[in-house]
Structure formats: structure tokens, C-alpha cells
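Asks: Just add 1093 to the spot in the sequence shown (first one is 1) and you have our numbering.
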Amino acid sequence: MKKVLLLLLLSASGMLTFAQGNLITNTGARKALSLNGKWQYIVDPYETGFYDYRYKELDEKNPDAYWNTDVQANKTEKKEHGYIEKYSLNVPGDWNHQQPEFTFYEGTIWYKKSFDVEKTAAGQRYFLYFGAVNYRADVFLNGKKLGMHKGGFTPFNFEVPQALLKDKDNFLVVKVDNKRHADEVPTLNTDWWNYGGITREVKLITVPTTFIQDFVVQLKKNSTGKTPGKTPEAEGWVKLNQAPAAGETLTIEIPELKFKKKIAATGETTALSFKLPKVELWSPETPKLYTVIIRTKNDETTDKIGFRTIEAHGTQVLLNGKPIFMRGICIHGEIPQEVRRAYSEEDAEQLLHQSIELGCNMVRLAHYPHDEKITRLADSLGILVWSEIPVYWTIDFGSAEVLEKAKAQLTEMITRDHNRASVIIWSVGNETPISQTRTDFMHSLLTKARELDNTRMVSAALEVNYSALNDKNIIDDPLGEFVDLVAFNEYLGWYGGLPDKCRTTSWDTPYNKPLFISETGGDAKGGFHADSLTRFSEEYQEWYYKEQIAMFKRMPAKFVGISPWVLADFRSPRRNNPFYQEGWNRKGFYDDKGNKKKAFYQLKAYYDEMKKPKK
Ligand code: GCB
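Laid out in C-alpha cells, this is it:
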């Protein structure tokens, strides 16, 4: 009761950021004005543009507020802020890599963009859509606050009232603040770089008054049609932004399958269910995507969707009813060659093609939702995806408010990607320390994920205690009871002993569920060669994987795959060995220049072997 009361109070005071019920999906299919490109900025470490000298929030109309015009009304007016060309940043893109003085910056930067709109006839609505802003975004248009969003890796949109929009010179300002806080998600401590800024695309979307906000079209569980006499069956729903006029109908069309169905809308959300007798199933070998069109009287949206089923069945993972072994790799959303966040189609191509070269059929997009371009590309390349929210290490598990923040990010992640065939696992976190409070928190997230999507697996990367390692290790984290896949991070030979420890070590879990190694790895500086006992040498890392792979081959039958840590070296403020790390986590198979390390060939050989059908 107390918790509920607290939440009500918090939400009434506007402090809480719940997932937005109005998130628009499949935005690539929408008419939109791109607001990418150069934005002017003001660096504001003291947040002078937001608070007065008593540290009280400035009134909306206060001319000193940085969301208000920077143009002097007359020459006597005092103006202490201004946006000019000389100070501009590219959007999308983190600020850290764009100016040397921003490399280590954590705080507020104001972004400003002017734009013109060709307003269409009445009956249109406008939404400002952000792919992601790290971490807090306060958005203002023409001096009016549109809203605030927290969470650095998920999309959000705010409606722009028609009356606020001008034909010329709209003054759009976003206050971006990437300061870390103990009560945020992630919290103060992470093993990755806290890149700040408007890191993903921005656009102004135009939609009709009543429009298709979101929809799901997926194969029903256990309905691949592999069972004799069973026809593949799809189900899902279409969500309009508001209840439609009486008599509204929805049409679902999949032209290639000659499928077309018209149904009466039953309100804001209408359930779908239909048979697809001739559907070719999506899989890594045949990543078949179909054009799916959804229409109402005044609106239409088109997406490319693959149809497959995925489930944990006993101790196996079944894709379209058949057991699979996941040859995975963990990936950060970063392009090390340019020391920046990944955001473009080319970035997604680089990361996924490097993974394919390694022999992977799966990627774990760690430790936060990556750009939508990568899950879409995974759909067309046939790569399985583990997608995760940044509930990382020790966040404030006792806080009801933090739980709401994590749920908001989980909801936004699932909402954005629930039509991606590639995504097979929603992960609610990584290496969270065991306690009842933590387990309740994580359990609540797992329940939420299942409520939002019951067609995929749910999991979390668990950890092992290196100080209590035995020859026989049992993954019995109580969270194991609530996940579909028992996944754990294991660094035997890096954080615990030397790699030859793998020879006498075994792993199992008491849960009758598939077992997955969600991380394993060791640092090597690309180009540094020594004997295999020398830490940070390519030879040490190569030895590490030799021993690990021999151990994988002795894993119990419930072992369904691995996603080693990590595809490429990445920036981390925690890695300060001045000779080998210099601010980089060096556990990549590719170094920061894109060169393959020796360990690459170890893993590739193992994956090539695992690709061959078992005799
Ligand atoms: C882990 C974390 C990952 C780190 C990695 C490491 O277990 O999940 O984020 O970067 O270990 O290199 O220590």
C-alpha cells in the first residue's frame, strides 16, 4: 500500500518517467521531416540555462532560460546565451568524439535546431521522435516544454500541438544531461563509456488524427505447422492511438502469400489471429521476410516481418520446433575505430559482418538496447539477437522508483522491436548480486517482459563467485527459477586463476532449463606478442580460449550456446593499465583498429565445428 501511495505521489509531482503509452513504432514507414544534421549547442556544466542563481527551476517564459530565444529584442537587452554555427554538433552522434574537450564531459549540453514545416491540411498530427538521447532529455519547442524523458538507449516521442508549430523558423531546444546518478538505470558504475548526446535519429513525424500507433504480427507459440495436420497460425494486435469512429475496419495484407483479411476494429486495440498455410519460416539459414501491410480508412503502415517460433522446451532451445546451438558474441554499440557510439546503417553492417566472419549465428547486444538499425539488419541477415536493458551490476534494487524506471526502458525496448524475428531473448539485466530484494526486483521485470511479449524467451546474465570456485560449480541463483534460459558470465582463467583451471572445472544448474554462457573472455592488446603466460598478450588470450573451448566440449547436454565477451575492444573508464589498456577494455576479438587477434581464429574454428550437423 505504502509503495502504491509513494508511486502515486511521485507521478503526480511529475518526477516519474513511466514508459510512454504513446510510443510510435515502425517509424521508418512514416512520413517524416528528418532533423538530423548540424545542431548548435551551448555547454552548460552549471545548468545556468535551467536553474536560477538560487538553484530554482526557471519559469517557462524567463528570457534567461536557454529554451527561449537567443535573439536580442533590442540592443539594450541583456542576453547571456546564444546559439551560433561555430558551436555545432552532429546529430545523431555522441558529443564525446566530436570535440576533444568533450571526451570526458558528463553534464548538460543544450542542443538547438531551427526548422521549417510545410503544414499539411487539418486532420494531421505531429510528433517529435527521438531514437535515443543519453540520458535525460528535456524538449522545448518555440519556448514551450513538450516533455522530459529518461533512459539513454530507447526511443520516445512527444506530440507537437498544431498551434505551436510555425511554417518557418521553429526553435527546437533539447537539454541533454548525461550525469550518472545512484538512482538511475544504469547507475553510477558501468564498464563502458558514458557517451552523451542525441545519439540516434530525430524526426518530426506526420500522422492522421487516428493512426496506427503500434502493432504485433507474430507466429503463435508452437504453431510452426511442423506438427502434421497443423497450419502455422499468426496472432497479434493493432493499436490505434485513440478509439476509432464506429464502423472502422482494419485490413491486414501479406501480398506475397496472397493473404488479405478485413476485420472490424474493436476499439483502440484490436486482436488479430489468422492462418498462414504457405508461410516460409524465418531462420538463420533462410531469413525470409514478408511485406506486411496494415490499413485503416485513413492510415497505412508497411513493415518487413519474419515468421518463426522460439521457445525453451525442457533443456533445449527450439527455433521453429528444432533444437539450436547459439554461436554468439557480445557486442557493444560502439565503433572503436572512431571512438564513438554506433548509430548508422554502415555501423550496423560493420558489427554484424564482423560477427558473421567469426562464425556467429547470434549476437548479444550488451548491455542496453542498441539502435533499431541493427535489429532490423539482423532480421535480414538471419542473426539471432539477445536484447537487454541496462540493469547492470548494483543498481538501487530497493527503490520502487528505480523499478519503474527499469520497467519503462523494458517496455520501450520491447515495444520498438516486438516484430523483429531476430530478437529471441529479452534480458532484464546483467550480473546483479544475489539478495531477496534483487530477486524480487528482477522477477518483477521478468513478469513484465512476459506480459508484454509471450512469444520470446526471457533471461538475465547471472554471475559466478570467483572466490568460491570449485571443481564442480552449480549455477543456482534463485533467479534461475524465473528465467527461460539460465545464462551466466564466466571468466575462469581471467578473473579466477589461470586458463588451465578449465581442465578440472565443470558447470551445471539444478534448474531443468537450457544453460547458456552469456560471457567469457580475457584482455589482449592487439599486436602485443609474448609467451602464453604473459597477461595482455595475444598468446594469453589465445590460450584462454583454447582451454575454455575444451571445457565447453565437456558441458552437460543442456548447454545451448555461448556469447563470449566481446566482439571488439571498447572504451571503459575502468581500464587503466598504462601499457595495455589506456582506457580500453581489451577483451575484443578485434582490436580498436579492427585487426583480428589470435583468439579470433580459436573461436572461429570452434564455431565452424559447431556448424556441422552432428553425426
Ligand atoms: C563482465 C561484464 C562486462 C564487462 C566484463 C569485463 O562480466 O558483464 O560488462 O565489461 O565483465 O571485461 O570484465
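Just so it is clear, CB atoms sit at the ideal spot from N, CA and C, and this is done for glycine as well.
#1: Return the first residue and the last residue of the beta strand (DSSP E) that histidine 1406 is part of.
#2: According to DSSP, is leucine 1239 part of a helix, a strand, or is it coil?
#3: Spatial neighbours of histidine 1463 within its chain, please: C-beta separation below 6 Å, excluding the five flanking residues on both sides.
#4: Please output, in chain order, the residues near the ligand GCB using a CB cut-off of less than 6 Å to any non-hydrogen atom of the ligand.
#5: Once DSSP output is grouped into helix, strand and coil, what is the label at tryptophan 1285?
#6: Can you tell me the Cα-Cα spacing of aspartate 1472 and isoleucine 1387, whole angstroms?
#7: Looking at the structure shown, is aspartate 1083 part of a helix, part of a strand, or coil, going by DSSP?
#8: Whole-angstrom Cβ separation of valine 1521 and valine 1484, contact assumed at under 8 Å?
#9: State the Cα-Cα distance for the pair glutamine 1311 and threonine 1597, rounded to the nearest angstrom.
#10: Hey, how far is the Cα of alanine 1112 from the Cα of threonine 1504?
#11: Got a sec? Which residues, its chain only, sit under 7 Å from cysteine 1709 by beta carbon, not counting five neighbours each side?
#12: Which complete beta strand (DSSP E) runs does the stretch 1434-1475 hold, if anything under 3 residues is left out?
#13: Taking DSSP's pairing of strands, which residues face tryptophan 1330 in a bridge?
#14: What residue range does the alpha helix (DSSP H) around glutamate 1277 cover?
#15: Using a Cβ-Cβ cut-off of 6 Å (strictly less than) and excluding sequence neighbours within five positions of tyrosine 1699, which residues of its own chain qualify?
#16: How many angstroms separate the CA atom of alanine 1364 from the CA atom of phenylalanine 1249?
#17: Please state the DSSP three-state secondary structure of isoleucine 1648.
#18: If you check the beta carbons only, do tyrosine 1694 and phenylalanine 1621 fall under 8 Å apart?
#19: DSSP on aspartate 1510, reduced to helix/strand/coil?
#20: Determine the closest residue to threonine 1540 out of Leu1555, Trp1519, Ala1554 and Ser1528, with distance taken between C-alpha atoms.
#21: Can you give the beta carbon distance from threonine 1613 to proline 1657, rounded, assuming they're within the 8 Å contact cut?
#22: In terms of DSSP beta bridges, what is alanine 1230 paired with?
#23: Between the stretch 1509-1516 and the stretch 1284-1298, can you find at least three pairs of beta-carbon atoms closer than 8 Å?
#24: For the alpha helix (DSSP H) holding threonine 1540, just list the boundary residues, first then last.
#25: How do the stretch 1352-1370 and the stretch 1260-1277 stand: do at least 3 beta-carbon pairs fall below 8 Å, yes or no?
#26: Which of the three DSSP states, helix, strand or coil, is assigned to alanine 1336?
Replies: According to the structure data:
#1: Its beta strand (DSSP E) spans residues 1403-1406.
#2: Three-state DSSP puts leucine 1239 in a strand.
#3: Gly1426
#4: For the ligand GCB, residues qualifying as neighbours are Asp1284, His1460, Asn1523, Glu1524, Asn1582, Glu1612, Trp1658, Asn1678 and Lys1680, where qualification means a beta carbon closer than 6 Å to at least one of its heavy atoms (chain order).
#5: The answer is coil: DSSP assigns tryptophan 1285 none of H, G, I, E or B.
#6: 20 Å
#7: In the structure as shown, the chain begins at 1094 and stops at 1708. Residue 1083 is therefore absent and cannot be evaluated.
#8: 6 Å
#9: 44 Å
#10: No answer about alanine 1112 holds up, because its pLDDT of 48 lies below 50 and its placement is not dependable.
#11: Summary: the structure shown does not reach residue 1709, with the chain confined to residues 1094 through 1708, and so no result is reported for it.
#12: 1455-1458
#13: According to DSSP, which records beta bridges pairwise, tryptophan 1330 is partnered with Val1309 and Ala1364.
#14: Taken as a continuous stretch (DSSP letters only), glutamate 1277 belongs to no alpha helix (DSSP H), as it is neither H nor E.
#15: Once the five neighbours on either side are set aside, the close Cβ partners of tyrosine 1699 are Ile1642.
#16: 24 Å
#17: One point to set straight first is that residue 1648 is methionine, not isoleucine, in the sequence displayed. Coil.
#18: For tyrosine 1694 and phenylalanine 1621, no; Cβs fall outside 8 Å.
#19: Here DSSP, grouped into helix, strand and coil, assigns aspartate 1510 to helix.
#20: Trp1519
#21: Contact holds; Cβ gap of about 5 Å.
#22: His1242 and Val1269
#23: With the cut-off at 8 Å, the stretch 1284-1298 and the stretch 1509-1516 do not touch.
#24: 1529-1545
#25: no
#26: Coil.
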